[in-house]
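If you're matching them up, the sequences are chains A and B in order.
The numbering of the first sequence is this note's numbering, which starts it at 1 and goes up by one.
The numbering of the second sequence is this note's numbering, which starts it at 158 and goes up by one.
Input: a single structure, listed below in structure tokens.
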Amino acid sequence: MKVRWGEAAGALLTFLVFVALPIAAQYFIPTQILEQFSATGLNVQTLAREIATIGIIISVIALAKAFVERTSITYLILNISSNIVSLAFALLVVGVGNISSLGYSSFNLKQGKVTTEILLDLRVFIYLTIGVVAVSVLQTIARFREARAEAKHTPPN
Amino acid sequence: MKTSQILGIVLIILEITSVALFLVCGQTIFSLLGTVAGEGGEIPVIVDQKTQIATLTFTFTPKNSGLIAANVIMGFGITLTDGSFSVKNQTTVSLPPGTQQSVSLNIKVPVDKLQEYADAKGTLNIFTSIRTLNDLVKLDYNSKNEGGG
Numbered sequence: 001m002k003v004r005w006g007e008a009a010g011a012l013l014t015f016l017v018f019v020a021l022p023i024a025a026q027y028f029i030p031t032q033i034l035e036q037f038s039a040t041g042l043n044v045q046t047l048a049r050e051i052a053t054i055g056i057i058i059s060v061i062a063l064a065k066a067f068v069e070r071t072s073i074t075y076l077i078l079n080i081s082s083n084i085v086s087l088a089f090a091l092l093v094v095g096v097g098n099i100s101s102l103g104y105s106s107f108n109l110k111q112g113k114v115t116t117e118i119l120l121d122l123r124v125f126i127y128l129t130i131g132v133v134a135v136s137v138l139q140t141i142a143r144f145r146e147a148r149a150e151a152k153h154t155p156p157n
Numbered sequence: 158m159k160t161s162q163i164l165g166i167v168l169i170i171l172e173i174t175s176v177a178l179f180l181v182c183g184q185t186i187f188s189l190l191g192t193v194a195g196e197g198g199e200i201p202v203i204v205d206q207k208t209q210i211a212t213l214t215f216t217f218t219p220k221n222s223g224l225i226a227a228n229v230i231m232g233f234g235i236t237l238t239d240g241s242f243s244v245k246n247q248t249t250v251s252l253p254p255g256t257q258q259s260v261s262l263n264i265k266v267p268v269d270k271l272q273e274y275a276d277a278k279g280t281l282n283i284f285t286s287i288r289t290l291n292d293l294v295k296l297d298y299n300s301k302n303e304g305g306g
């Protein structure tokens, strides 16, 4: 089996950035700040776990791609899956932990007699991300077809 | 040029645009956020003894230190819990990058209604909405202070 070590290293880097970093980062945030976030309904630890979960999926897909032929259907499916999982990741981050909010998040904080409501509308970035993922899927399909066409015209060694 | 290469260029343009817009919008909103609070949080009350009407004035001085223009909606009001009285005043200011504007808003409240609010029977509502990128990105901040205490 031929392994593309560059892609395997990319998978390791993805793991470090999207899994190890969020898990480690929560231990460096002061407890007081974590409690303040918690009071607004945002659980930083849960958010870090969710980011890490998606990070594991992205890393596994990236690693699997390193072992699969670029002209195979499996590679195409893995690539498209990776794009879709990336969209889920963007929804999670822009929605501040709530994928279903689709970039429209609200937080409430009650301190004594003062209630504060914060509403964040970042839906335009979700639309842009959907556009990026759609173009990315199209590019994946185009690359796959081009690789297959090249393989057909290349005489076997 | 191959189709995948053309799509690759489109993808790079889209990604750079998205990230740049996200950073610029974030920077504009957060630069304004610190300046939209009322001056010192104090609301001067002037009572007209003849009419027994109190005038409450709230002054905002939003400053846009961001890179793109923003619209800021600011307002405040008082609502009594039983629904018998409600008053609010709001305004919108457009701030090109690097500008600031001072805004004073007044509301008139009968003294007896103001007393009811002070007796914990009402809410003082201060709200701010910062909108940028042609109002496509926004942050609303709404603070409700119960009277009394």
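Using N, Cα and C, we set each Cβ at its ideal position, and we do this for glycine too.
The CB of residue 105(A) never comes closer than 8 Å to any CB in chain B; the least such distance is about 10 Å. Contact between the segment 246-253 of chain B and the segment 129-146 of chain A is absent: fewer than three C-beta pairs spanning the two stretches fall below 8 Å. Annotated three-state conformation of residue 242(B) is coil, per DSSP. In this structure, residue 235(B) and residue 279(B) form a Cβ contact; the two beta carbons are roughly 6 Å apart against a cut-off of 8 Å.
Contact annotation for residue 138(A) against chain B: 164 [CB-CB distance below 7 Å, chain order]. Annotation for residue 10(A): the continuous alpha helix (DSSP H) segment containing it runs 5-15. Looking at the DSSP output, residue 202(B) shares a beta bridge with 213(B). Between residue 254(B) and residue 94(A), the alpha-carbon positions lie close to 25 Å from each other. Residue pairing by DSSP places residue 98(A) in no beta bridge whatsoever. Within chain B, the residues 161 have their CB atoms less than 8 Å from the CB of residue 143(A), given in chain order. Of all residues in the segment 217-233 of chain B, none has a C-beta nearer than 8 Å to a C-beta of chain A. The three-state secondary structure of residue 257(B), taken from DSSP, is strand. Membership of residue 298(B) in the beta strand (DSSP E) is indicated by the continuous run 294-303. Nearest Cα to residue 123(A) within the set 104(A), 72(A), 53(A), 37(A): 104(A). Listed in chain order, the positions of the segment 71-96 of chain A with a beta carbon within less than 7 Å of a beta carbon of chain B would be empty, since no residue qualifies. Against chain A, the CB of residue 274(B) has no partner CB under 7 Å away; the residue lies outside that interface. Interface criterion not met: the Cβ of residue 291(B) is under 7 Å from no Cβ in chain A.
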